[in-house]
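J.: Pasting a structure here, questions to come.
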Amino acid sequence: MIIGEADYRLNSKAVKLKSLCIKQAFELSTINLHQYNTVIASSLLGILFIAAPQATPLRAEMSP
0 MIIGEADYRL
10 NSKAVKLKSL
20 CIKQAFELST
30 INLHQYNTVI
40 ASSLLGILFI
50 AAPQATPLRA
60 EMSP
């Protein structure tokens, strides 16, 4: 495997992880049935910035 190809695969997995964490965090915060939902949501947002710091093309994914 070429190093550039491995970096691309890792980055695309990081982008998927980041978008999944954001989706889960927003679902939990919008339900907001219990107070711990917002704690879990903020934890997920914290995890995605630690786990996938290079995955920045999220702005392009969220734009219409």
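In numbering that gives the first Met the number 0, the protein residues as written are 0 to 63. Cβ atoms here follow ideal geometry from the backbone N, Cα and C, with glycine treated the same way.
1) State the Cα-Cα distance for the pair I21 and L43, rounded to the nearest angstrom.
2) Can you have a look at L9 and say buried or exposed, based on whether 16 or more other CB atoms are within 10 angstroms of its CB?
3) How many Å lie between Q23 and A40 at the Cα?
4) Within 7 Å: the Cβ of K15 and any heavy atom of the ligand SAM?
T.: In short:
1) Residue mapping note: residue 21 aligns to position 22 of the sequence shown, counting from 1. Residue mapping note: residue 43 aligns to position 44 of the sequence shown, counting from 1. Between the alpha carbons of I21 and L43 lies a distance of about 7 Å.
2) Mapped onto the sequence shown, residue 9 falls at position 10. L9 counts as exposed, since fewer than 16 other beta carbons sit within 10 angstroms of its beta carbon.
3) Against the sequence shown, residue 23 aligns to sequence position 24. Against the sequence shown, residue 40 aligns to sequence position 41. Their backbone Cα atoms lie some 7 Å apart in a straight line.
4) In the structure on display, the ligand SAM does not appear, and there are no ligands present to speak of.
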